[in-house]
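**Q** Quick one: structure below, then a few questions.
Residue numbers (my numbering): 48 to 162.
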C-alpha cells in the first residue's frame, strides 16, 4: 500500500493521506462492483491493502458516478480522479498483469472512460 500511495502522491502532487483515501476507495469500489473474485488477486498483491480496506468506511452505491462522488468527497478534483485512476491501474497491471486488470475494468460499466 505504501508503495502505491507514495507513487500516486508523488505523481499527482497529492497529500499522502488524500492519496491513501483515494486508493482505498478505488479498491473497495472494484471489490464491490466487479463480479466474482477477480479483484482478490490484486488486493493480495498489494501489501497492506486488505487491512486498509477493512478499516475504511464503505463506498457509495451508484457505480462509477458514486465512486466519483466518494473520491471528490475525499479531497480529489476531477483531474486528480483521472490521474489516480491511471496511476492505480498502471500499478495494478504491474502487479497482476494487464489481462487481469483489463478484465476487471471491462466488467464495470463506465469505468473505461477513466482509464
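Positions of the beta carbon are idealized from the N, C-alpha and C atoms, including for glycine.
These numbers come from a predicted model, not from an experiment.
Just the C-alpha distance for residue 156 and residue 80, rounded to the nearest angstrom, thanks.
**A** Going by the C-alpha atoms only, they are around 9 angstroms apart.
**Q** When you compare the CB positions of residue 165 and residue 152, do they come within less than 8 angstroms of one another, or not?
**A** Look at the range of the chain in this structure, 48 to 162, and you will see that residue 165 is not part of it.
**Q** Any idea what DSSP makes of residue 61, helix, strand or coil?
**A** Residue state, collapsed to three classes: coil.
**Q** Give me, in chain order, the residues of the same chain whose beta-carbon lies closer than 8 angstroms to that of residue 159; leave out the 5 immediate sequence neighbours on both sides.
**A** Closer than 8 angstroms at Cβ, skipping near neighbours: 152, 153.
**Q** Starting from residue 83 and walking both ways along the alpha helix (DSSP H), at which residues does that stretch end?
**A** Run containing residue 83: none; DSSP gives neither H nor E here.
**Q** Runs of 4 residues minimum, wholly inside the segment 112 to 148: which ones carry the alpha helix (DSSP H) assignment?
**A** Qualifying alpha helix (DSSP H) stretches, in chain order: 125 to 143.
**Q** Any idea if residue 109 is buried or exposed, counting beta-carbon neighbours within 10 angstroms, 16 or more meaning buried?
**A** The residue is exposed, with fewer than 16 neighbouring Cβ atoms inside 10 Å.
**Q** Tell me, to the nearest whole angstrom, how far the beta carbon of residue 70 is from that of residue 90; I am working on the premise that it is less than 8 angstroms.
**A** Actually they are not in contact, since the Cβ atoms of residue 70 and residue 90 sit about 11 angstroms apart, beyond 8 angstroms.
**Q** For residue 103, name the three-state secondary structure that DSSP assigns.
**A** If DSSP states are grouped into helix, strand and coil, residue 103 belongs with coil.
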